[in-house]
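Presented below is the structure to which this report refers.
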Amino acid sequence: MKTWQRIVIGSFYTMLLISLALWFWVTGTVCGEPAQLEIATHHIIPYNCHGRTVFITPFENAVLHWLIPIFFMLMIALKYLRDRWHKQA
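Counted the way the working numbering counts, the sequence shown spans residues 992 to 1080.
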């Protein structure tokens, strides 16, 4: 494999780890959020956390809904690139 290909694959692994870590961080902290609606801190989206309704920010909502699909898309792209580049070598 060429050097630039190793850099691309390393970047994909880094993005995978960052997305997974961010998802675990948000899911771990979302239940500790305030239980009341707070417009000033942007805690406006209701979220069910173990039977209790808490309010989360739009960023936390986006992370909870989009990071796992992004993680799987990155895994598929990484597998495709690795298979393609290993066949060329």
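For glycine and all other residues, C-beta sits at the position ideal for the given N, C-alpha and C. What you are looking at is a predicted structure, and each value in this text was computed from that prediction instead of being measured.
- Counting the other Cβ atoms within 10 Å of the Cβ of E1029 gives fewer than 16, which makes it exposed.
- When the five nearest sequence neighbours on each side are left out, the beta carbons in the same chain lying within less than 7 Å of the beta carbon of H1041 are those of C1022, in order along the chain.
- Remark: C-beta atoms of L1065 and I1000 do not approach each other more closely than 8 Å.
- 8 Å or more divides the Cβ of Q996 from the Cβ of W1057.
- Within 10 angstroms of the beta-carbon of F1046 lie 16 or more other beta-carbons, which makes it buried.
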